[in-house]
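First up is the structure itself, then whatever we jot down about it.
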Amino acid sequence: MTYSVTYSSHTGNTKELAQTINESLDNIIYYGEHDIKSLDADRIYIGFWTDKGTCDSKTIEFLKQAQNKEIFLFGTAGFGESQEYFNQIIERVKANIKDNNKIIGSFMCQGRMPQAVRDRYLKLQNDENYQKYQMLIENFDKALKHPNNKDKDNLIKAIK
């Protein structure tokens, strides 16, 4: 069986996960950003970053091209610590995959966000919405540590 590891990464988080997969498998015929060449493999590991509760637009377009493949989805999201939230994202991503493909698994973890996000939260925070934005700032700070080694170990377990 041949494998491809392909991804879209906005901040480098998903690329880190893709590299972990790339280093964990043999028979990889393609590794890199989404490209039609990756569709030559029997099994494709497809990585994405979360945008508005689903995968990014580059990944949506790529997923629509896959035909008769085994697919493993992996991604990162700025908001983490909720498997239920991650599952909802995966379900939305799956909606872009043709039925003749077989989804063999998935993995998601939290990922770092750009500093501009935290700066925006600080600007929007005031007395009326202090609690809401304080929670968002705390989540941002937690996300700075992801993906970490535990996330990568869990990814390796998920693909085996």
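Quick note: the sequence shown uses this note's numbering, first residue 7, plus one each step. Where is the CB? At the ideal position from N, CA and C, for every residue including glycine.
Through-space distance from residue j to residue i, alpha-carbon basis
| i | j | result |
| --- | --- | --- |
| Asp48 | Phe146 | 37 Å |
| Gln25 | Glu144 | 28 Å |
| Ile66 | Lys104 | 11 Å |
| Phe68 | Arg126 | 31 Å |
| Glu76 | Lys108 | 5 Å |
| Ile165 | Arg118 | 22 Å |
| Ala101 | Gly111 | 15 Å |
Buried versus exposed, by CB contacts within 10 Å (16 or more), residue i
| i | result |
| --- | --- |
| Glu22 | buried |
| Lys151 | exposed |
| Ser14 | buried |
Contacting residues, own chain, Cβ-Cβ under 6 Å from residue i (five flanking each side not counted)
| i | result |
| --- | --- |
| Tyr4 | What is shown of the chain runs 7 to 166, which leaves residue 4 out entirely. |
| Tyr36 | Ser10, Lys43, Ser44 |
| Phe80 | Leu23, Gly53, Phe113 |
Minimum Cβ-Cβ distance from residue i to chain B less than 8 Å
| i | result |
| --- | --- |
| Cys115 | Here chain B cannot be found, since the structure has a single protein chain. |
Curious, which full-length alpha helix (DSSP H) runs of at least 4 residues does the segment 59 to 85 contain?
Taken in chain order, the unbroken stretches of alpha helix (DSSP H) that lie wholly in the segment 59 to 85 and span 4 residues or more are 63 to 69.
Would you call the segment 152 to 162 and the segment 125 to 144 touching, i.e. three or more CB-CB distances under 8 Å?
Not touching, per the Cβ criterion.
Unbroken beta strand (DSSP E) runs of length 3 or more, entirely within the segment 108 to 135: which are they?
You should have 108 to 116.
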